Amino acid sequence: MIIILFFGIQTISLLVLILFMHEYKRIAYKHQTLLQSIEDDSTPRSINQSTIIIWIYAAITFSILIGTTFFFFSIITSL
Amino acid sequence: MPHQIKPESDEKIIMAISTHWIKYVLPTIIFIIIFSASTTFFIISGIAAKDSPVMAIVILFTGMILMYLVVHWFFHRLLSEAMEDIIVTTKRVIWIKESLFQIDDVRQIPLTNIQGVESQKRGLLQTVLRYGSLWFDTGGTITTDQNAIMTEVPHPNDVAREINTIIRQNL
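The listed protein sequences correspond, in order, to chains W and U. For the first sequence, numbering that gives the first Met the number 0 gives the first residue as 0, with consecutive numbering after it. For the second sequence, numbering that gives the first Met the number 0 gives the first residue as 0, with consecutive numbering after it.
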């Protein structure tokens, strides 16, 4: 039961990450389209910043996921 | 194609900037504080694991949920703040402000409608870090009209000077 709850929380967290990444990609595409409709080969400044942010976001989320899983199972095995 | 702006003839992009990095400071401070607090839950959980494993799991779950909440909140805020673009072309000023699942604003002011642009830097922080706001005088706007004000613009004096130059050239 507790293992199901644990993986439920992890799954929800991953889904939120995917949802935010999907929305980010949609907005980034929209900004790029807007700018390129005026001038080809131009990239919005916001994309440079948000690309770095999205990678940090994914790295932190996966770090928490791996860290908490390791920690959780080390407690479970001691039960 | 969705959201496409119809380009005018001979339209060229003069500058495409984002708002100042100061927008990230407050969310980052809040994030660091809450993230550190949630880390202490893991430390307490580790200490409690020897004597009371059930209590250790409860504390671990609390810390984990708090940590995920603050991480998702923080990056939602960061990505929302990052998605702001200010584009100045030879024909207009475009301001795109987006927030994940919340805000979707595209504001365009044709240069022919702008009579002048004023830049403002208020306080020590704005003066030292070189950011401020731009107010677009379109004839009928007042200085407190939020639709005519762009906030957190980096180097507002330079941007205002550039726009005023283009306006004069178009006259």
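Ideal Cβ positions, reconstructed from N, Cα and C, are used throughout, including at glycine. All values derive from a computational prediction rather than experimental measurement.
Taking the Cα of E117(U) as reference, the smallest distance to any Cα among T111(U), S98(U) and A159(U) is reached at A159(U). For the stretch 67-88 of chain U, residues whose beta-carbon sits nearer than 7 Å to a beta-carbon of chain W comprise Y67, V70, H71, F74, H75, L77, L78, A81, M82, E83, D84, I86 and T88.
Taking 8 Å as the CB threshold, K120(U) stays off the interface with chain W. Contact between G62(U) and S44(U) holds, since their C-beta atoms are separated by about 6 Å, short of 8 Å. With contacts defined by Cβ atoms closer than 8 Å, E97(U) and K22(U) do not form a contacting pair. Of all residues in the stretch 9-42 of chain U, only E10, K11, I12, A15, I16, S17 and F41 come within less than 8 Å of chain W when Cβ atoms are compared, listed by chain position. For P52(U), the secondary structure class from DSSP, reduced to helix, strand or coil, is helix. The three-state reading of DSSP puts D157(U) in helix, counting H, G and I together.
Interface criterion met: the Cβ of T67(W) is under 8 Å from a Cβ in chain U. Collapsing the DSSP output to three states places P109(U) in a strand. If you draw a straight line from the Cα of T42(W) to the Cα of Q48(W), it is about 12 Å long. Counting the other Cβ atoms within 10 Å of the Cβ of F69(W) gives fewer than 16, which makes it exposed. In terms of Cβ geometry, L110(U) and N169(U) form a close pair [threshold 8 Å]. T68(W) carries a helical assignment under DSSP once its states are collapsed to helix, strand and coil.
Shown here, K29(W) sits in a helix according to DSSP, grouped into three states.
If you ignore the 5 residues before and after I46(W), its C-beta comes within less than 6 Å of the C-beta of A27, all in its own chain and listed in chain order. Residues of chain U whose Cβ lies closer than 8 Å to the Cβ of Q48(W) are, in chain order, S17 and A81.
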